[in-house]
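K.L.:
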Amino acid sequence: MSKKKDKNDIKKVDEVEDVEKVESSEPENSELIECKKRVEELESIAKRALADYQNLEKRVREEKRGWILSTNRQLILRLLPVLDILVMASQHVDNQGLQLSIKQFGDVLRNESVERIETVGKDFDPTLMECVVTEKGEEGKVLSEIQAGYKMGDKVLRPAQVKVGKS
Numbered sequence: 011m012s013k014k015k016d017k018n019d020i021k022k023v024d025e026v027e028d029v030e031k032v033e034s035s036e037p038e039n040s041e042l043i044e045c046k047k048r049v050e051e052l053e054s055i056a057k058r059a060l061a062d063y064q065n066l067e068k069r070v071r072e073e074k075r076g077w078i079l080s081t082n083r084q085l086i087l088r089l090l091p092v093l094d095i096l097v098m099a100s101q102h103v104d105n106q107g108l109q110l111s112i113k114q115f116g117d118v119l120r121n122e123s124v125e126r127i128e129t130v131g132k133d134f135d136p137t138l139m140e141c142v143v144t145e146k147g148e149e150g151k152v153l154s155e156i157q158a159g160y161k162m163g164d165k166v167l168r169p170a171q172v173k174v175g176k177s
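Each position in the sequence shown, counted from 1, maps to that position plus 10 in the working numbering.
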């Protein structure tokens, strides 16, 4: 009987040890679960922070590009009257140096995506032109250009000042 009792005692001890193992592993499991949740939370925070940073970089690049374009427009607008004077001078003086200067000025403007607005013989377009004089002629057609207009890309830098026909 003593052997049976010993075996039963051993079984009971084994059962108690198993229960203790399960009980002791439960805190480990809950700690593991908490750690996994914390890791997921931190990963989520890191991903959001990275996305925010990338969006900030993109916005800064776009703003920088906008500032550069705006500054270029302002500078070109200040230079256009100089070109106007050179063109007027070339109409009164036949000078190859003056013609070359006008051509180079135009080349620089084209390199900056600035183009002259074509007006004479075209229909009057109030988005590109400013009518400063009307006179008898074909209705709505531009008869002559008083001051050249320019666009930079799809934006008007300076509208052309034109003479428009009316019947």
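For glycine and all other residues, C-beta sits at the position ideal for the given N, C-alpha and C.
Going by C-alpha to C-alpha distance, which of N82, R71 and V142 sits closest to K8?
P.N.:
No answer is possible for residue 8: the residues shown for the chain start at 11 and end at 177.
K.L.:
Please classify L167 as buried or exposed, where buried requires at least 16 neighbouring CB atoms within 10 angstroms.
P.N.:
Along the sequence shown, one-based indexing puts residue 167 at 157. L167 is buried by the Cβ-count criterion.
K.L.:
Between the C-alpha atoms of Q9 and S54, what's the straight-line distance to the nearest angstrom?
P.N.:
Nothing in the structure corresponds to residue 9, since the chain is present only between 11 and 177.
K.L.:
Could you name each continuous beta strand (DSSP E) segment of 3 residues or more that falls completely within the stretch 65-153, going from the start of the chain to the end?
P.N.:
Here the runs fully enclosed are 124-126 and 139-146.
K.L.:
Buried or exposed: where does I43 fall if 16 or more other Cβ atoms within 10 Å of its Cβ makes it buried?
P.N.:
As a working mapping, residue 43 is identified with position 33 in the sequence shown. Per the 10 Å Cβ criterion, exposed.
K.L.:
Three-state secondary structure (DSSP) at G175?
P.N.:
Residue numbering aside, residue 175 sits at position 165 when the sequence shown is read from its first letter. In this structure, G175 counts as strand in the three-state DSSP scheme.
K.L.:
Considering only their Cβ atoms, is the gap separating L89 from G112 smaller than 8 Å?
P.N.:
Along the sequence shown, one-based indexing puts residue 112 at 102. Along the sequence shown, one-based indexing puts residue 89 at 79. The amino acid occupying residue 112 in the given sequence is Ile; Gly does not appear at that position. The answer is no: Cβ separation not under 8 Å.
K.L.:
For R168, list the residues DSSP reports as bridge partners.
P.N.:
Working through the sequence shown from its first residue, we reach residue 168 at position 158. The partner list for R168 (beta bridge, DSSP) reads Y160.
K.L.:
From D164 to V49, what distance separates their C-alpha atoms?
P.N.:
Against the sequence shown, residue 164 aligns to sequence position 154. Against the sequence shown, residue 49 aligns to sequence position 39. Cα-Cα distance, rounded: 50 Å.
K.L.:
Within 10 Å of its beta-carbon, does Y160 have 16 or more other beta-carbons around it, so buried, or fewer, so exposed?
P.N.:
In the sequence shown, residue 160 corresponds to position 150, counting from 1. By the neighbour-count rule (16 or more Cβ atoms within 10 Å), Y160 is buried.
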